[in-house]
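Asker: This is the structure I want to talk about, given as structure tokens.
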Amino acid sequence: MLAAERRDFLLERLARDGKIVAKDVAAQLHLSEDSVRRDLRDLAAAGLCQRVYGGALPVSPAMADYATRTTVEPGSKSRVAARAAQLVRPGATVILDGGTTTLAVVGALPSDLQCTVITHSPTIAVALLERPAVDVFLLGGRLFRHSAVACGAVAVEAAQEVSADLFLLGVTGVHPEHGLTTGDPEEAAMKRALAARAADTYVLASAEKVGAVSPYRVLPLTDVAGVVTDTASDNPTVRSLRDLGARLLHA
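Pasting the structure below:
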């Protein structure tokens, strides 16, 4: 089998099974595991999979730049946002992460809702200008252009000075084995810092994120109060999350 044929086979296996186990593919194709791992490295370098120990998993579409992400699964994001908005109680203090799903949450909030929002996203803060009953605190730091949020040491230090009832967390991957992941180490650190300042953290998991994995771990699933998703309850990843004891809030 030629190298191009092997890579097509690997991509078909990834699309069908949602994962690649290198030793199983090597046995099936009568190849060495090193050959399969080299092919996976090439696919990962091309952005076609995410390498993990022992094989590979789907790369998250949410790893794209901010403008592109606005076009990914807009219906799923709207459904997840509407369900997440129900978690925001009048008078509560809420931390809103950056991202397109969290921006949709702002649009789903009742127009007369009185609450306090803390965010490190200038985009979220600007969207809340139209909500005069919402008191907004914007955390500063170095602007991470990929996600349009403040990150870095200054932002993490600012996060340590706030407290909230609820944190709505955006990630790029939700996986039963690899937990909650994102594409940048500083952004992952900022998300952890914000989660540590909230009584409850809920993950916003639109369809493209469920079963996907990104390079940097944010938190294990056991560290969050629940996962808000519209992915079907019979989805294999959703079943695995439920088997692990994750609380799922279906949109």
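The opening position of the sequence shown corresponds to residue 13 in the numbering used here, with each subsequent residue numbered one higher.
Don't be surprised by glycine CBs; every beta carbon is placed ideally from N, CA and C.
Model, not experiment: these values are computed from the prediction.
1. Grouping DSSP H, G and I as helix and E and B as strand, with all else coil, what is Ala210?
2. Kindly examine the ligand MN and report whether one of its heavy atoms sits closer than 7 Å to the Cβ of Ile32.
3. Where does Leu52 sit, in a helix, a strand or coil, going by DSSP?
4. Among residues of its own chain, excluding the 5 on either side of Gln62, which ones have a beta-carbon nearer than 6 Å to its beta-carbon?
5. Thinking just about the alpha-carbon of each residue, which of Thr131, Ala145, Ala139, Val138 is nearest to the one in Gly153?
6. Going by alpha carbons, who is nearest to Ala104 out of Asp212, Pro227, Val240?
7. Output yes or no for whether 8 Å exceeds the beta carbon distance between Leu216 and Val138.
8. Please identify the residue among Ser47, Gln126, Thr194 whose C-alpha is closest to the C-alpha of Ser159.
9. Please list the terminal residues of the continuous beta strand (DSSP E) segment that includes Gly119.
10. Let's test the definition: count the other Cβ atoms within 10 Å of the Cβ of Tyr65 and tell me whether it reaches 16, buried, or not, exposed.
11. Considering only C-alpha positions, which residue in the set Ser175, Val186, Leu150, Leu181 is nearest to Ala116?
12. Name the DSSP beta bridge partners of Ala68, please?
13. Tell me, please, which residues DSSP counts as bridged to Ala162.
14. Looking at the structure shown, is Arg143 part of a helix, part of a strand, or coil, going by DSSP?
15. Could you check whether the segment 240-256 touches the segment 193-207, counting it as contact only if at least three pairs of C-beta atoms, one from each stretch, sit closer than 8 Å?
16. Which two residues bound the contiguous beta strand (DSSP E) that contains Arg229?
17. Per DSSP, what kind of secondary structure is Val215 in: helix, strand or coil?
18. Between the beta-carbon of Leu140 and the beta-carbon of Val129, is there less than 8 Å?
19. In the DSSP assignment, find the beta strand (DSSP E) that holds Thr128 and state where it starts and stops.
20. Looking only at its own chain, which residues have a Cβ that is under 6 Å from the Cβ of Val48, when we skip the five neighbours before and after it?
21. Are the CB atoms of Ala145 and Asp124 nearer to each other than 8 Å?
Answerer: The short version:
1. In the three-state DSSP reduction, Ala210 falls in the strand class (E or B).
2. Inclusion of the ligand MN in the displayed structure is not the case, the ligand content being empty and no account of it being possible.
3. Of the three classes helix, strand and coil, the one that applies to Leu52 here is helix, per DSSP.
4. Leu69, Val71, Val225
5. Thr131
6. The shortest Cα separation from Ala104 among Asp212, Pro227, Val240 belongs to Asp212.
7. Taking 8 Å as the Cβ cut-off, Leu216 and Val138 do not qualify as a contacting pair.
8. Thr194
9. Premise fails: Gly119 lies in the alpha helix (DSSP H), 112-120, not in any beta strand (DSSP E).
10. In the assembly as shown, Tyr65 is an exposed residue. Its beta-carbon has fewer than 16 other beta-carbons within 10 Å.
11. Leu181
12. Ile32, Arg63
13. Leu155
14. The three-state reading of DSSP puts Arg143 in coil, since its state is none of H, G, I, E or B.
15. The segment 240-256 vs the segment 193-207: no contact.
16. 228-231
17. strand
18. yes
19. Where Thr128 is concerned, the enclosing beta strand (DSSP E) stretches over 127-131.
20. Ala34, Val37, Ala38
21. yes
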